[in-house]
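**Q** Respectively, the protein sequence lines represent chains A and B. So the first sequence is numbered by our numbering: it starts at 9 and just counts up by one. So the second sequence is numbered by our numbering: it starts at 9 and just counts up by one. C-beta: ideal position from N, C-alpha, C; glycine also.
2 protein chains.
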Amino acid sequence: MNEIQRTESVKRSGLPIPGLYFILKVWCPGSSFSSPGSRRTDAASEYCSSFLRVIDMFPVVVVQGGAGHIPKERSENSRAGVCSAARAGYAVLRRGGSSMDAVVEAVSQLENNPFFNAGCGSVLNIRGEVEMDAIVMDGKRLDSGAVSAVRNIANPIQLARLVMDKTSHTCLTAEGANRFARSMGVSEVPPESLITDYSRMRWKENLAPGANPVDSQMGKMGTVGAVAVDAEGNVACATSTGGMLNKMEGRVGDTPCIGSGGFADNQVGAVSTTGHGESIVKVTLARLILFHVEQGQSVEAASDLGLAYMKSRVGGLGGVVTVDPQGHWATRFSTRQMAWAAAQKDTLHYGLYTGEHLTQSLGDPL
Amino acid sequence: MNEIQRTESVKRSGLPIPGLYFILKVWCPGSSFSSPGSRRTDAASEYCSSFLRVIDMFPVVVVQGGAGHIPKERSENSRAGVCSAARAGYAVLRRGGSSMDAVVEAVSQLENNPFFNAGCGSVLNIRGEVEMDAIVMDGKRLDSGAVSAVRNIANPIQLARLVMDKTSHTCLTAEGANRFARSMGVSEVPPESLITDYSRMRWKENLAPGANPVDSQMGKMGTVGAVAVDAEGNVACATSTGGMLNKMEGRVGDTPCIGSGGFADNQVGAVSTTGHGESIVKVTLARLILFHVEQGQSVEAASDLGLAYMKSRVGGLGGVVTVDPQGHWATRFSTRQMAWAAAQKDTLHYGLYTGEHLTQSLGDPL
């Protein structure tokens, strides 16, 4: 790591400065782009009197590797994993890729990394098997794709995208999802290839009488995900998970449930969530946060409001990564830790503990 | 039918009048109960200066039998079916049952009725099989239960309730849901027992080259559902469906997705949705409508705002039944028709076409 800087507290980063210009055909008064926090150049102000608005924005990728308590011996791998994923997602944007391309790339990296609960490294269900959920959503037309309880697929997030791109449906489940994968030429992998020694050890521990998989889960690691804004101002989200430790066969959590595991809307922003799925769905956490953004809250305040409501109303803990179309971003969590990383302009931001905000140089800005 | 009255237009019914009193421990200023439309007695006004509010309310069950275009030869059966379901749900409330008991009873009736697309009478997937989705949600603690792509179950709505009541999860899918059913002693039925000649005929029609199952679906019948408020002011929703005509195997629509197929929150209200599932999820229709109620809209205006947004933003049509905790209710749809019925006090209300509002006597009020 080079050029590391430690700051005192997590602050909202990615505030727009004159640089890239994004021209939006929107009415100025009352548009969703008039939320607090957006700034305009003088040139933009001129356009505003007509029906165009110019807004400074910078593309960004924000990644989360799961909210909970990460054991000390796994913390460096968690940090390295989210940083690598954010860099990979950002490299896609640099090459001119869309926000959807970027979040799928970032989450695929986390699925391939055995330190995270998604793809290889997923927790096991009560029968000792891997069943995975994933969702993508594109803010441009509110299109989404999801898979639930899918098996033997290395990258469920890519299969979720295929559901969005290649079918008229938004979610395929279980064997139907696998049948679709085969029809798309997505190769299946041996079940054991997705199971780590660590996952198997935790599964066995939680088979013991008196074990509490929910507490155990919250004490370790959750869902992974990413949100992004591309150079055209399109937002996207992607979330992927092995689910809940020792869950029942066929259990579907919040992840593939639109508005809970994630939501993306170019007029508001995008959110990817992690934490106790059964609490997240009770408050439709992703959609709730974006309702707060629509009401004029910053992405940071909206994320905090959503998490605080989930805690006070249903006692649930979790974490989120949130962006708005101008490239403002926030990483917030009510658990002890959440591995996160964000790439914007020339800087990689990352952290694990509350208040931790480290930075590295990314090299040339986008 | 006796005591039928025809009115000129659908009006919001169930306005509270002094009768039952419901004492809520809420702050008066800014509480979600201060939305327009709620009325207080003089006695209540006195309490309001302290921290109690007394609100008149009447229990209600509101049922929908699917939005779309119901062929003339099936319209009477549709009307009769929703009326029967609303009466059955209301009978549960009369016996002192909860709103959850009432919506499950009402939806079970519709699942057992071959004229509706849920349980027996479900549309078939591309392989000629029945795969069903269902959800329940209890507004008291935001608990929910759902099943998706479940087979060979006569009443998926009852299985969804068992998921809520008997597991730590909110959704079980496919074979995992069937395995859970067996563990609960829920008997499985032969696949053919859920398939009607009408369903098989429509499936075959839509296998033809050039067929458009989406258009065909919207032209016929959709998801069924119910919302209710019980004597304690608890709200609940239930939604059940065979899904989309000639859907892919494993397709999961909006129904089991919390916030889309339904939502219930004692602090706001409850909604059950029907229509084009892939549009409903894009706007999380049920949750969106309840956000409008939270903002002070009546259940009728909030329902219209949600449906209008779905139409303008993503071109989707559908229908909803909505209640608030005071027993205000609305049945609204953007399709040509939606079979609906509502039972409150001594009156059964029902209709099918836009603007149609018929009534029958229910006998003794609750």
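Compare the Cα-Cα distances from Ile-78/A to each of Leu-366/A, Gln-368/A, Tyr-361/A, His-365/A and report the closest residue.
**A** Within the first sequence, numbered from 1, the residue matching residue 78/A stands at position 70. Among Leu-366/A, Gln-368/A, Tyr-361/A, His-365/A, the Cα nearest to that of Ile-78/A belongs to Tyr-361/A.
**Q** Is DSSP giving Ala-216/A helix, strand or coil here?
**A** By 1-based counting over the first sequence, the position of residue 216/A is 208. Looking at Ala-216/A - three-state DSSP - the assignment turns out to be coil, as it is neither helix nor strand.
**Q** Looking at the structure shown, is Val-260/A part of a helix, part of a strand, or coil, going by DSSP?
**A** Along the first sequence, one-based indexing puts residue 260/A at 252. Looking at Val-260/A - three-state DSSP - the assignment turns out to be coil, as it is neither helix nor strand.
**Q** For the segment 159 to 192 of chain A, which residues have a CB atom closer than 7 Å to at least one CB atom of chain B, in sequence order?
**A** Under the 7 Å Cβ criterion, the segment 159 to 192 of chain A contributes Thr-175, Ser-176, His-177, Thr-178, Cys-179, Leu-180, Thr-181, Ala-182, Glu-183, Gly-184, Ala-185, Arg-187, Phe-188.
**Q** Would you call the segment 150 to 159 of chain B in contact with the segment 175 to 190 of chain B, where contact means no fewer than 3 C-beta pairs closer than 8 Å?
**A** Cβ pair count under 8 Å is three or more, so yes.
**Q** For Arg-135/B, would you say it is in contact with chain A, using Cβ-to-Cβ distances shorter than 7 Å as the test?
**A** On the second sequence, residue 135/B is found 127 positions in, with the first residue counted as 1. No, Arg-135/B does not count as interfacial toward chain A.
**Q** Skipping 5 residues on each side, what residues in its chain have a beta carbon closer than 8 Å to that of Leu-370/A?
**A** Walking along the first sequence from the start, residue 370/A turns up at place 362. Closer than 8 Å at the Cβ level, and outside the excluded window around Leu-370/A, lie Arg-95, Tyr-98, Ala-351, Lys-353, Asp-354, Thr-355, Leu-356.
**Q** Helix, strand or coil: which one does DSSP assign to Arg-252/B?
**A** Sequence index remark: in the second sequence, residue 252/B carries index 244 (1-based). Sequence check: residue 252/B is Met here, not Arg. Correct three-state label for Met-252/B: coil.
**Q** According to DSSP, simplified to helix, strand and coil, what is Asp-312/B?
**A** Looking up residue 312/B in the second sequence gives position 304. Helix, per DSSP.
**Q** Which same chain residues end up closer than 8 Å to Lys-290/B when comparing Cβ atoms and leaving out the 5 residues on each side of it in sequence?
**A** Counting from 1 along the second sequence, the entry for residue 290/B is found at position 282. Met-318, Arg-321, Val-322, Gly-324.
**Q** So that I know if they touch, is there some Cβ in chain A lying closer than 7 Å to that of Ile-266/B?
**A** Numbered from 1 along the second sequence, position 258 holds the residue referred to as residue 266/B. True, the Cβ-Cβ gap to chain A drops below 7 Å.
**Q** Using a Cβ cut-off of 7 Å (strictly closer), state whether Ser-6/A contacts chain B.
**A** As shown, chain A starts at 9 and ends at 374. That puts residue 6/A outside it, with no answer to give.
**Q** Which full runs of the beta strand (DSSP E) of 3+ residues lie inside the segment 163 to 219 of chain A, going along the chain?
**A** With a minimum length of 3 residues, the continuous beta strand (DSSP E) runs that stay inside the segment 163 to 219 of chain A are 179 to 181.
**Q** Does Val-289/A have its Cβ less than 7 Å from a Cβ in chain B?
**A** Within the first sequence, numbered from 1, the residue matching residue 289/A stands at position 281. Val-289/A counts as touching chain B.
**Q** Distance cutoff 7 Å, beta carbons only. Does Gly-258/B sit that close to anything in chain A?
**A** Reading the second sequence from its first residue, position 250 is the one you call residue 258/B. It does: the Cβ of Gly-258/B has a partner Cβ on chain A nearer than 7 Å.
**Q** So, with DSSP's three-state summary, where would you put Cys-91/B?
**A** In the second sequence, the residue the question calls residue 91/B occupies position 83. Note: Cys-91/B maps to helix in three-state DSSP.
**Q** Across which residues does DSSP place Tyr-98/A in a beta bridge pair?
**A** Taking the first sequence and counting its residues from 1, one reaches residue 98/A at position 90. Paired residue(s): none; Tyr-98/A is not in a bridge.
**Q** If you run the structure through DSSP and keep just helix, strand and coil, what is Leu-60/A?
**A** As a working mapping, residue 60/A is identified with position 52 in the first sequence. Unreliable placement is indicated for Leu-60/A, whose pLDDT of 37 sits below 50; the coordinate value is still reported in the next sentence. Residue state, collapsed to three classes: coil.
**Q** Would DSSP call Ser-268/B helix, strand or coil?
**A** Indexing the second sequence from 1 puts residue 268/B at position 260. Of the three classes helix, strand and coil, the one that applies to Ser-268/B here is coil, per DSSP.
**Q** Within its chain, find whatever has a CB closer than 6 Å to the CB of Ala-110/B; leave out the 5 residues flanking it on each side and keep chain order.
**A** For the purposes of this step, residue 110/B is taken as the residue at position 102 of the second sequence. Taken in chain order, the residues that qualify are Val-69, Gly-97, Val-100, Leu-101, Ala-236.
**Q** Let's see if you can read the secondary structure: which residues bound the beta strand (DSSP E) around His-357/A?
**A** For the purposes of this step, residue 357/A is taken as residue 349 along the first sequence, with counting starting at 1. Segment 355 to 361, the beta strand (DSSP E) holding His-357/A.
**Q** Give a yes or no on whether 7 Å exceeds the smallest Cβ distance from Glu-286/A to chain B.
**A** Working through the first sequence from its first residue, we reach residue 286/A at position 278. Glu-286/A counts as touching chain B.
**Q** Taking 7 Å as the threshold (beta carbon to beta carbon), is Thr-343/A in contact with chain B?
**A** Against the first sequence, residue 343/A aligns to sequence position 335. No, no contact with chain B.
**Q** Quick one: what does DSSP say Met-318/A is sitting in, helix, strand or coil?
**A** Sequence index remark: in the first sequence, residue 318/A carries index 310 (1-based). Here Met-318/A sits in helix by DSSP.
**Q** With burial defined as no fewer than 16 other Cβ atoms inside 10 Å of the residue's Cβ, what is the status of Lys-212/B: buried or exposed?
**A** Locating residue 212/B in the second sequence gives position 204, counting from the first residue. Looking at its Cβ environment, which holds fewer than 16 other Cβ atoms inside 10 Å, Lys-212/B is exposed.
**Q** Could you name the residues of the segment 321 to 355 of chain A whose beta carbon sits closer than 8 Å to any beta carbon of chain B, in the order they occur along the chain?
**A** Cβ contacts with chain B: Arg-321, Val-322.
**Q** Just to confirm the assignment, what range does the alpha helix (DSSP H) spanning Ser-287/B have?
**A** Position 279 of the second sequence, counting from 1, holds the residue named residue 287/B. Unbroken alpha helix (DSSP H) run through Ser-287/B: 285 to 288.
**Q** When you compare the CB of Thr-367/B with every CB in chain A, is at least one pair closer than 7 Å?
**A** Along the second sequence, read from residue 1 onward, the residue named residue 367/B stands at position 359. It does not; no Cβ of chain A falls within 7 Å.
**Q** Start and end of the alpha helix (DSSP H) containing Ala-110/A?
**A** For the purposes of this step, residue 110/A is taken as the residue at position 102 of the first sequence. First-last of the alpha helix (DSSP H) with Ala-110/A: 107 to 120.
**Q** Just verifying my parser: in three-state terms, what is the DSSP assignment at Ile-78/A?
**A** As a position in the first sequence, residue 78/A is number 70, starting the count at 1. Correct three-state label for Ile-78/A: coil.
**Q** Residues in the segment 88 to 109 of chain B with C-beta within 8 Å of chain A's C-beta atoms, listed in sequence order?
**A** Under the 8 Å Cβ criterion, the segment 88 to 109 of chain B contributes no residue.
**Q** Which residue comes first and which comes last in the alpha helix (DSSP H) that contains Ala-294/B?
**A** By 1-based counting over the second sequence, the position of residue 294/B is 286. Looking at the DSSP string, the run of the alpha helix (DSSP H) that includes Ala-294/B is 293 to 302.
**Q** Residues of chain B with a CB under 8 Å from the CB of Lys-255/A: which are they?
**A** Taking the first residue of the first sequence as position 1, residue 255/A is located at position 247. Ordered by position in chain B, the residues that pass the 8 Å Cβ test against Lys-255/A are His-177.
**Q** Any Cβ of chain A within less than 7 Å of the Cβ of Thr-231/B?
**A** For the purposes of this step, residue 231/B is taken as residue 223 along the second sequence, with counting starting at 1. Thr-231/B does not count as touching chain A.
**Q** Rank Gly-314/B, Gly-359/B, Leu-313/B, Ala-309/B by C-alpha distance to the C-alpha of His-336/B and give the top, closest one.
**A** Stepping through the second sequence from its first residue, residue 336/B is reached at position 328. Of Gly-314/B, Gly-359/B, Leu-313/B, Ala-309/B, the residue nearest in Cα terms is Ala-309/B.
**Q** Nearest CA to the CA of Phe-124/A: which residue from Arg-259/A, Val-71/A, Ala-272/A, Phe-341/A?
**A** Translated into the one-based positions of the first sequence, residue 124/A becomes position 116. That would be Val-71/A, whose Cα lies nearest to the Cα of Phe-124/A.
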